[in-house]
Amino acid sequence: MHFSKQLLTFAAMALSLSIGQAAIAQDKDTRPNILFIFSDDHAYQSISAYGSLVNKTPNLDRIANEGMRFDRAFVTNSICGPSRAVVLTGKYGHLNGFVTNGNTFNGNQQTVSKLLQTAGYETAVIGKWHLKSTPIGFDYYHVLIGQGPYYNPPMKTTDGPVNHIGYTTEIITDQTLEYLKERRDPDKPFFLMYQHKAPHRNWQPGPDEINNYNNETIPEPITLFDDYQGRTSAARNQAMTVKEHLTRYDLKLDPPKNLTPEQLVFWNEAYDKKNAELAKLNLEGDALIRWKYQRYVKDYLRCIDSVDKNVGRVLDYLEESGLAENTIVIYTSDQGWYLGEHGWYDKRWMYEESFRTPLMVRWPGKVKPGTVNTDMVMNLDFAQTFLEIAGAEQPEDMQGASMKPVFEGKTPEDWRQSVYYHYYEFPGAHSVAKHNGVRTERYKLIHFYENKEWELFDLKEDPNELTSVYDDPAYASVKKDLEIELERLQDFYKDDGTIVNFGAARAKVQPTQLVRRFRFGDFENTEKSPFGTAVKTDGSKYIFHNPSGGKFSPDYKPITLGGFINPTDGNGVIAAQGGEALGYTMLLKDGKLTFSIRSQGQRFTAVGPEIELNEWTHVVAILDRNAKLAFAVNGKKIQTDVKAAFLASAPADAFTLGLDGGSLVGDYGQANGLKGKIADFRLYWGILEKETLQAWVNPK
């Protein structure tokens with residue numbers, strides 16, 4: 000009898016335990032995990048699943064072979080930061096505020112990571128961020144600072160800054176695996192952005208790959224020696240050719256500066272002998288171009304080899320841990336890349352090699368293995384795709400479309416038949432002209448709108464885009480239809496030429512802050528003046544130089560700068576900060592006080608009154624709270640009608656007094672220094688009260 004009671008007791012306990020386990024099982028969220036693998040500048044033509052002629056990528060091919068390969072995946076703007084902002088927001092750059100790499104991402108806006116958090120997903124980003132602001136909407140982050148180096152990267156995390164020793168591709172993968180194994184909540188589905196720096200310029204190989212391809216000759220693209228004759232001036236006026244624009248650093252003629260002694264040993268073993276052999280050859284002309292191509296592409300492919308190997312490590316862990324069956328794996332790049340096509344490296348253009356990006360998706364039970372898709376999809380679609388996979392609501396202001404039905408082989412009948420593109424960063428790196436355009440299945444129309452030039456390509460007859468048929472009468476009706484479609488897409492995506500300015504409201508309430516007052520008492524080459532110590536300058540060098548950042552950050556701030564000047568020449572920079580993409584400069588030009596603002600490559604310039612030579616004058620330049628330019632001369636305010644723009648972030652180039660060096664903000668050459676004297680110079684963020692200005696002009 001006692002034995003029977005024990006059995007009943009054990010049975011009751013077992014039943015209670017099984018009910019509890021069932022309840023726990025019901026509580027566990029079984030929605031699919033989302034692993035988004037993002038490389039930087041990965042050309043689709045360097046993936047063997049896409050038929051690469053130059054390398055093999057067995058681990059990336061696993062995703063395509065076990066899932067779907069997309070042959071018409073495009074980006075809205077082929078450049079790093081803007082592409083990342085589009086993925087996060089599901090909006091074109093003009094609506095998310097990030098159109099050039101000089102911008103800073105506003106993390107306070109709606110993002111897919113925040114929406115997935117709200118929907119119950121655990122969110123994480125590991126690797127390259129490249130949006131300047133701190134990641135918001137992520138439960139965990141472990142990201143590179145800025146572009147990040149290929150070796151020994153400092154990184155910022157939710158737990159604080161860390162410094163790593165090793166190869167960055169390996170480190171990013173190590174941190175990703177640590178998150179998957181130890182950090183994540185196993186009872187929640189995860190949204191993990193695993194984002195590589197590689198194969199971004201300048202293509203520094205890892206220690207395991209540094210000698211790959213040593214005994215191979217990489218096939219050249221048929222357009223390596225393109226003469227650009229069949230297109231507009233834009234293709235000729237760029238600065239991204241293998242022939243002329245690869246640096247010694249790019250070509251590994253100079254070693255990286257941040258290697259450990261041990262790393263420098265294997266680096267020099269890999270390159271010193273090859274570089275010595277090059278010096279003996281004394282190559283020139285086409286032979287030198289071919290050598291540069293081989294060196295550049297081999298290093299690029301070595302970086303790809305490391306990405307492929309490390310993606311394989313993560314795929315292996317998903318299999319070993321049992322996560323693979325309920326994890327959608329997406330591999331893509333922020334844009335495409337030129338592997339010598341048209342004689343180029345880099346991206347930016349609407350031509351296919353940079354406009355198209357690789358996209359491969361594996362989703363067991365949903366995506367049929369080994370399928371190839373030719374629908375027109377975009378990086379604009381990722382946010383809504385993630386949300387639909389998560390069963391979350393898709394905000395109406397997102398501009399893409401969920402690819403979930405496309406993944407499942409059920410492409411909607413009303414799926415897009417054309418793609419809209421807009422590139423902004425000019426003047427800027429590589430001198431690629433601003434352009435927008437439309438691509439359909441067969442045709443592509445590109446408008447270099449500041450140049451007032453158009454190109455039209457028949458991609459069926461001219462897949463390498465060598466000859467524009469814009470002026471060919473045989474394509475008149477095609478041209479007209481595409482121009483109409485371009486206007487339709489601009490209206491549809493609300494691109495009227497303006498860019499949302501999240502900082503405009505902030506600028507209106509920015510308190511006035513004195514950044515620096517220069518009394519020059521501890522400077523060299525000075526003399527007494529009626530306004531205190533004056534520094535003398537012959538225009539040959541800086542009077543003062545301070546890196547951007549910290550208190551020298553003019554992001555979304557009104558600017559007031561100036562002081563007493565006694566010029567001996569009517570041309571010269573008084574002060575400047577930034578360069579050709581972002582910054583400001585105050586100067587004399589042809590004897591007149593001039594103030595220029597650079598924002599997103601566009602220059603806004605106001606010209607003030609003529610300034611007397613060899614006399615003291617108090618001059619001030621102002622970017623006011625409405626982003627209009629103004630001056631004050633001897634305390635008298637002069638308002639102009641020039642509407643400029645606030646600087647969205649700290650420029651890359653330093654604040655300098657007496658000269659603008661490096662990348663130039665204004666319309667002048669390198670020999671631009673002020674000649675004469677300066678006294679009591681001040682830089683403010685904000686606008687001065689009238690009384691403060693008058694006290695500055697009339698010191699007691």
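Under numbering that gives the first Met the number 0, the residue at position 495 of the sequence shown is numbered 494, and the numbers go up by one with no gaps.
Here a beta-carbon is modelled for each residue, glycine too, at the ideal position from N, C-alpha and C.
Secondary structure at histidine 93: helix, using DSSP grouped into helix, strand and coil. Within the same chain, and ignoring the five residues on either side of tyrosine 422 in sequence, the residues whose Cβ sits closer than 8 angstroms to its Cβ are Asn76, Ser77, Ile78, Arg347, Trp348, Met349, Val431, Lys433, His434, Asn435. Comparing alpha carbon positions, the residue from Leu143, Tyr166, Gly126 closest to leucine 191 is Gly126.
In the assembly as shown, serine 320 is an exposed residue. Its beta-carbon has fewer than 16 other beta-carbons within 10 Å.
With 16 or more other Cβ atoms inside 10 Å of its own Cβ, serine 38 counts as buried. When DSSP states are grouped into helix, strand and coil, phenylalanine 37 belongs to the strand group. Within the DSSP secondary-structure output, asparagine 76 pairs in no beta bridge. Taking all protein chains in view, the Cβ of histidine 129 is crowded by 16 or more other Cβ atoms within 10 Å, so the residue is classified as buried. At the C-beta level, alanine 123 and phenylalanine 137 come within 7 angstroms of one another. Going by DSSP, alanine 234 is part of the alpha helix (DSSP H) stretching over 232-235. By the criterion of a C-beta distance shorter than 6 angstroms, arginine 505 is surrounded in its chain by Tyr555, once the five residues flanking it on both sides are discounted.
With at least 16 other beta carbons inside 10 angstroms of its own, asparagine 309 counts as buried.
According to the DSSP assignment, arginine 61 belongs to the alpha helix (DSSP H) that extends over 57-64.
In this structure, alanine 575 lies away from alanine 678, with their beta-carbon atoms at least 7 angstroms apart.
If the five residues before and after valine 437 are omitted, its C-beta is found closer than 8 angstroms to the C-beta atoms of Ser417, Val418, Tyr419, Tyr420, Lys443, Leu444, Leu481, Glu484, Leu485, Leu488, all from its own chain and listed in chain order.
Straight through space, the alpha carbons of tyrosine 227 and glycine 80 are spaced by roughly 28 angstroms. Spatial neighbours of asparagine 95 in its own chain (CB-CB distance under 6 angstroms, excluding positions within 5 residues in sequence) are listed in chain order as Ala84, Thr88. Each of Ile62, Asp40, His41 was checked against the Cα of alanine 48, and the nearest Cα belongs to Ile62.
Short of 6 angstroms from the beta carbon of glutamate 464, and not among the five residues preceding or following it, lie these beta carbons of its own chain, in chain order: Tyr350, Phe456. Take leucine 176, set aside five residues on each side of it, and the residues of its chain with a beta-carbon closer than 8 angstroms to its own are Arg312, Val313, Tyr316, in chain order.
Following the DSSP letters along the chain, one finds glutamate 169 inside the alpha helix (DSSP H) bounded by residues 167-177. Under the rule that a run must span 4 or more residues, the alpha helix (DSSP H) segments found entirely inside the stretch 423-491 read 475-491. Judged by DSSP secondary structure, glutamate 690 falls within the alpha helix (DSSP H) whose first and last residues are 689-696.
Burial check for tryptophan 202: the Cβ neighbour count within 10 Å reaches 16 or more, so the residue is buried.
In this structure, DSSP gives serine 662 a state outside helix and strand, which the three-state scheme calls coil. Taken atom to atom, the span from the alpha-carbon of aspartate 490 to that of tryptophan 266 is near 52 angstroms. When the beta-carbon positions are compared, lysine 251 and isoleucine 288 stay at least 7 angstroms from each other. By alpha-carbon distance to lysine 131, the top candidate from Ala269, Gly147, Asp298, His195 is Gly147. In terms of Cβ geometry, isoleucine 610 and leucine 592 form a close pair [threshold 7 angstroms].
In this structure, the alpha-carbon of lysine 493 lies about 38 angstroms from that of aspartate 307. In the DSSP secondary-structure assignment, serine 353 is not bridged to any residue.
Straight through space, the alpha carbons of arginine 355 and valine 468 are spaced by roughly 21 angstroms.
For the options Ala197, Ser305, Tyr667, the alpha carbon positioned closest to that of phenylalanine 594 is the one of Tyr667. Collapsing the DSSP output to three states places tryptophan 348 in coil. Checking the DSSP bridge columns, you'll see glutamate 121 partnered with Phe189.
Cβ-Cβ separation between glycine 101 and serine 648: approximately 6 angstroms, consistent with a contact (criterion under 8 angstroms).
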